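**Q** Sequences listed follow chains H and S, in order. Position 47 (the first sequence) corresponds to 47 in our numbering; numbering is contiguous. Position 12 (the second sequence) corresponds to 253 in our numbering; numbering is contiguous.
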Amino acid sequence: MIGPTSGPGPTGWQVAAVTEIARPATGFVRIRLDVPDRQPGLPGQHYVVRLRAEDGYTAQRSYSLASDPGDPQIELLVEQMPDGEVSGHLHDVLQVGDLLEVRGPIGRWFTWTGEEPAVAMAGGSGLVPIISMMRWAIRHDRQGDLRVVAVGRTWEQLPYAEELAAYGAFIALTQENRIDASGVERVSAPPYPDEVAPLIDGTTRAYVCGSVGFVGYASRLLGESGVRADSVRVEQFGATG
Amino acid sequence: MTDDGLITRGFTGRRRPAAPGQLPPGQYDVGDKWPVLSAELTPSVRTEDWSLAVDGAVETEQTWSWDGLRALPADSIVRDIHCVTTWSKFDMSFTGVSVDTLLDAAGPTSDAGYVIAHSASGYTTNLPLADLTGGKAWVVWQAQGKPLTPEHGGPVRLLVPHLYFWKSAKWIDRLEVAVQDRPGFWENNGYHDRGDPWLEQRYVGDP
């Protein structure tokens, strides 16, 4: 694994203004921010958000962007974590017009700008950087070079469900049957190898993003489908007990 | 700019650290959980096939098998670890061999100043030699009293607890001693060359 050696780098801290807040899926808040003098970025990168209390105490977390670099604003999709100190504030307190300290864009590994045909497998909030890549693909008319496998528990809990469906992503719901636009019903289950194989075919790179458990499942599936381990780029979150 | 502080409207914060001196700036105490992060698939490393090389700018290249490593004098240590993604985990116990023991056997040449740590996955990270010597770094096979699991870098990972945890390369199989510094994987991808959490050296351009 060798990463790129140049490209957009992070800035110092900047003050961004919240322009839009929405709740598109259960447990998620979508936040759009205006970042003056924003640095150029790559699809798949993240920003850090820092909150500061009056006594100077700070808390900061990293969030992937759903927006692609051509968007005049940045878009975060933040999952509410149990007892989440930062996500709780962003869900329950944040209002349009608030100012937030942000820093980015960060990370030059989990990025895609069409350099190779790729398949992306993501689950839950792991879909966020893939949305950025999808929007980049649409803007550059390169949808054929980015195939997407999206996994969620239910339609309500699948971030960007409508956008994924419109893109033509393969959607696997694990706790709910789904009838797609062509009337075909899929019984609730994780994606099967024979469902994913046509999307992998012809790609030379894979992106996997999600929880530790999801990444383990996706890794086995890709391995069984003949994807080379060194062509897979991973971003994972979550913990062991 | 704003390093002196924009106060976030309505934010009070919940997790004031019990021992403020234990938590580097911008970090939080993750508690009992141990988050898993990696940029690549978890490789399946079998101890039967595994070995650890110390080579490059050394007097005598060395290689240890799993059994050979385990035959070296081991330390049990308790340290806090700090991830650049802002979690810290306190009082982690590890068992392993001091990197001093490995380097002493190989003998870095007098002009050596750096080490590139290599993983079975192809991951690399670079460190000043001085950050690996003097009882500051280990190669470990046990954490919290149990064998290190694959997602946490097992069977053997590097442990350099005084730097951000991306420097503690998982699935370690080679320590390449070098005369010149050479950025590793994350150091090539926007992260700081040294990564001292107390100086908050997270990204390129930090102090």
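Cβ atoms here follow ideal geometry from the backbone N, Cα and C, with glycine treated the same way. It should be emphasised that the depicted structure is a prediction, and the values quoted were computed from it without experimental measurement.
Taking C-beta pairs closer than 8 Å, name the residues in chain S that H:Val244 reaches, listed in chain order.
**A** Only positions 1 to 241 of chain H appear in this structure, which leaves residue 244 of chain H out of reach.
**Q** Taking 7 Å as the limit between beta carbons, can you name the residues of its chain near H:Arg139, skipping five residues before and five after?
**A** Asp68 and Gly70
**Q** With a 10 Å radius around its C-beta and 16 neighbouring C-beta atoms as the bar for buried, classify S:Thr249 as buried or exposed.
**A** buried
**Q** How about S:Thr249: is its C-beta nearer than 8 Å to some C-beta of chain H?
**A** yes
**Q** Would you say H:Val148 and H:Ile130 are within 8 Å of each other, going by their C-beta atoms?
**A** For H:Val148 and H:Ile130, yes; Cβs fall inside 8 Å.
**Q** So which residues on chain H does S:Pro388 lean against when the C-beta distance must stay under 9 Å?
**A** Residues of chain H passing the Cβ test: none, with the nearest at roughly 13 Å.
**Q** In chain order, what residues of the same chain have a beta carbon less than 6 Å from the beta carbon of S:Pro373, not counting five sequence neighbours either side?
**A** One detail in the question is off: residue 373 of chain S reads as Leu in this sequence, not Pro. Result list for S:Leu373: Val340 and Val356, in chain order.
**Q** So, at 8 Å on beta carbons, what are the nonlocal neighbours of S:Asp422 in its own chain, with the 5 sequence-adjacent residues on each side left out?
**A** Shown here for S:Asp422: same chain residues with a beta carbon closer than 8 Å to its own, the five before and five after excluded, namely Gly354, Tyr355, Asn367, Pro369 and Asp434 in chain order.
**Q** Give the C-beta separation of H:Tyr57 and S:Gly254 to the nearest angstrom, bearing in mind that I take them to be a contact with Cβ-Cβ under 8 Å.
**A** 5 Å
**Q** Quick check: the Cα distance between H:Val232 and S:Ser360, rounded to an integer number of angstroms?
**A** 16 Å
**Q** Taking the alpha helix (DSSP H) that S:Phe252 belongs to, which residues open and close that run?
**A** Run containing S:Phe252: none; DSSP gives neither H nor E here.
**Q** Residues in its own chain within less than 7 Å of S:Glu417 by CB, not counting five upstream and five downstream?
**A** Asp296, Gly297, Val356, Ile357 and His359
**Q** Let's test the definition: count the other Cβ atoms within 10 Å of the Cβ of S:Gln263 and tell me whether it reaches 16, buried, or not, exposed.
**A** exposed
**Q** What's the C-alpha gap between S:Trp275 and H:Ser182?
**A** 43 Å
**Q** At the 8 Å Cβ level, is H:Arg108 part of the contact set with chain C, yes or no?
**A** Judged by its chain identifiers, the structure shown contains no chain C, and its protein chains are H and S.
**Q** Once you ignore the five residues that flank H:Arg186 on each side, which residues in its own chain have a CB closer than 6 Å to its CB?
**A** Arg178
**Q** Taking all protein chains shown into account, do 16 or more other C-beta atoms lie within 10 angstroms of the C-beta of S:Pro349, making it buried, or fewer, making it exposed?
**A** buried
**Q** Whose CA, out of S:Leu404, S:His403 and S:Gln383, lies closest to the CA of S:Gly395?
**A** S:Gln383
**Q** Starting from the C-beta of S:Gln442, find all residues in its chain whose C-beta is less than 6 Å away, skip the five residues before and the five after it, and write them out in chain order.
**A** Leaving aside the five residues that flank S:Gln442 on each side, the residues in its chain whose CB is nearer than 6 Å to its CB run, in chain order, His433, Arg435 and Gly436.
**Q** Taking the straight line between their C-alpha atoms, what separation do you get for S:Ser317 and S:Trp379?
**A** 10 Å
**Q** Along chain S, in chain order, which residues have C-beta atoms closer than 7 Å to that of H:Gln60?
**A** What H:Gln60 touches in chain S: Gly267 and Thr327.
**Q** Does any residue of chain H have a CB that is nearer than 8 Å to the CB of S:Leu264?
**A** For S:Leu264, the answer is no, since every Cβ of chain H falls outside 8 Å of its Cβ.
**Q** Determine, using beta carbons only, whether S:Ile322 comes closer than 8 Å to chain H.
**A** no
**Q** With DSSP collapsed to three states, give me the class of S:His393.
**A** Note: S:His393 maps to helix in three-state DSSP.
**Q** Could you tell me the distance, in whole angstroms, from the CA atom of H:Arg220 to the CA atom of H:Gly226?
**A** 10 Å
**Q** Taking DSSP as the reference, what is the three-state secondary structure of S:Pro265?
**A** coil
**Q** S:Glu392 CB to nearest chain H CB: under 8 Å?
**A** yes
**Q** Could you work out which residues of chain S lie near H:Leu99, taking near to mean beta carbons separated by less than 7 Å?
**A** Near H:Leu99 (Cβ distances below 7 Å), the residues of chain S are Leu247.
**Q** Can you tell me whether DSSP reads S:Thr342 as helix, strand or coil?
**A** helix
**Q** Taking Cβ positions only, does H:Gly56 come closer than 8 Å to chain S?
**A** yes
**Q** What does H:Asp230 touch in chain S if you count any residue whose Cβ is under 7 Å from its own?
**A** Gly363
**Q** Using 8 Å as the limit for Cβ to Cβ distance, is S:Phe406 near chain H?
**A** no
**Q** What residues are listed by DSSP as bridge partners for S:Glu441?
**A** Paired residues: none, contrary to the question.
**Q** From the DSSP output, in three-state form, read off H:Arg220 for me.
**A** Correct three-state label for H:Arg220: helix.
**Q** With 8 Å set as the bound, which would you pick, yes or no: does the beta-carbon of H:Ala122 sit closer than that to a beta-carbon of chain S?
**A** no
**Q** Using a Cβ-Cβ distance cut-off of 8 Å, determine whether H:Ser225 contacts chain S.
**A** No, because no Cβ of chain S sits closer than 8 Å to the Cβ of H:Ser225.
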